[in-house]
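As they're listed, the protein sequences go chains A and B.
Here the numbering used here is used: the first residue of the first sequence is 1, the next is one more, and so on.
Here the numbering used here is used: the first residue of the second sequence is 1001, the next is one more, and so on.
The C-beta atom is built at its ideal place from N, Cα and C for all residues, glycine as well.
Just below is one structure, and these are the notes that go with it.
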Amino acid sequence: MATEIRIPKLGFSMESGILAEWLVEDGAEVTAGQEIYALENEKSTQEVESPASGKLKIIVQADGEEYPVGELIGTIE
Amino acid sequence: MASTDMVDKDVLVDIFTRADLIMQSDIKFRQMIGAGQLQIVYYPVRGQEVVSSAMMAAVNQDDYLVTIYRGLHDQLAKGIPSKELWAEFAGKMTGTCKGKGGPMHITHPATGVMVTTGIVGSGIPIANGLGLASQLEKDGKVTVCCFGDGATNIGAFHEGLNMAQIWKLPVIFLCQNNLYGEHTHMRDTTGSASIKQRGEGLGMRSVQVNGNDASAMYTAAKEAVDHARAGNGPTLIEAMTFRFHGHLLGDTSHYIPKEEMEQAKKDDPMPILRQQLLDLQISEADVAAIEAKNAAIIEEAAQFALDSDYPPGDEYRIDVLDVEIAA
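And the structure:
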């Protein structure tokens, strides 16, 4: 079963985040805990870790757009 | 700090079993929140597992615990069933408080977890109340009150410890000193060189211990529990520890010098405790079995939380006041 990657809530008041950059390519094999993308919110950027090991499928490209918390941006299969 | 001999093998296994459940739970929570599967505010506990596990291994299930919002390690160490805990963190109806408390207000009287507060330092007077009840009812119970170093700058700490000392309440005040109150180092907020000194100033039996050393922490905890149960009053334990992740998930710990963090991670209490078990001739297979069992508990609990429903809207009318609020 695929593990979903959604825009996380990383702070009390966070309601959206900017998908700044994918750190791995679409289709790459990733491991749980590996930093896979950069997320901008509230003046800071941080690298978000993969929740699972497997093949990354990118659903939303890093285009500098702002997405709400909960938006599906990729999966790990 | 007091140094001690290693405690019994069975006790160390017990402490490791609790601590590993905490560590794996913390990792799983961070993964699920990081992946947006759970949208909650979370205060990571990685690095502080051994403090709670050794403390709770020294008390009984019907002894009381009062803790604070960085409390996952305390709650799990005290024995809250993982399924109900995870469901409450997720705000679901099947949680310890029917999803109406959430991660900052975990309460589970069946395992002695009487309250988790969201206000720094506010648990101390509450713990005194529980201690006073035990003293009056002569039920032999002790209360463990957990808080951080920052809480010792709150008035309630000084007033509460003073009162507990005067009344010889059976309370163990466990200050988990991770050196940072939110985003500020202790040296910038705290006048005394140690928290132990503050307890001594109030006339209380006070000890400082390496909380990341399972044997030293357990020994300090057991002595404090025995002291309280014998009617001799409270103890302040200052347990030195560290947290490996931000004040809350999303905080990048930019205020902690890189070298300090690296050193703390080198001193990670979990691999040290694991190695201690192996050194005591507990087999790799037996240790791995403990870890696998914990992993299974967590997988089941996380799925249970995801699958459970949120409380229905009309739930707001009950459990809030003593009587049901009219619709």
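The stretch 1259-1276 of chain B and the stretch 1236-1245 of chain B touch, with no fewer than 3 CB-CB distances between them shorter than 8 Å.
Distance from the CA atom of S1082(B) to the CA atom of Q1135(B), rounded to whole angstroms, is 31 Å. By the neighbour-count definition (other C-beta atoms within 10 Å, threshold 16), H1247(B) is a buried residue.
Every alpha helix (DSSP H) of 4 residues or more that sits fully in the stretch 1249-1307 of chain B is shown, in chain order, as 1258-1266, 1269-1279 and 1284-1307. Taken through DSSP and simplified to helix, strand or coil, L72(A) comes out as strand. The C-beta separation of L1249(B) from L72(A) comes to about 20 Å, leaving the pair out of contact by the 8 Å criterion. Annotation: the continuous alpha helix (DSSP H) that includes M1056(B) extends over E1049 to A1057. Going by DSSP, A1239(B) is part of the beta strand (DSSP E) stretching over T1235 to M1240. For P51(A), the C-beta contacts it makes with chain B under 8 Å involve Q1031, M1032, G1034, A1035 and Q1037, in order along the chain. For the 8 Å CB-CB criterion, R1229(B) and G1140(B) form a contact.
Residues L1278 of the same chain have their beta carbon placed closer than 8 Å to that of E1284(B), with the five preceding and five following residues left out of the count. Per DSSP, reduced to three states, the secondary structure at W1086(B) is helical. Residues are counted here when their Cβ sits less than 8 Å from a Cβ of chain B; for the stretch 7-24 of chain A these are I7, P8, K9, L10, G11, F12 and M14, given in chain order. Contact annotation: Y1218(B) and A1019(B) have beta-carbon atoms that are not nearer than 8 Å.
When only Cα atoms are considered, R1070(B) and E77(A) end up about 33 Å apart.
Proximity to V1120(B) across G1112(B), F1089(B) and N1153(B) peaks at N1153(B), based on C-alpha coordinates. The straight-line gap separating the alpha-carbon atoms of P8(A) and V1066(B) is approximately 30 Å. One thing to note: N1177(B) has its Cβ within 8 Å of the Cβ of D1149(B). Taking 8 Å as the cut-off, the Cβ atoms of K55(A) and G74(A) do not count as close.
With contacts defined by Cβ atoms closer than 8 Å, K1196(B) and E1238(B) form a contacting pair. Proximity of chain B to I58(A) at the Cβ level (cut-off 9 Å) is not reached, the minimal Cβ distance being about 14 Å.
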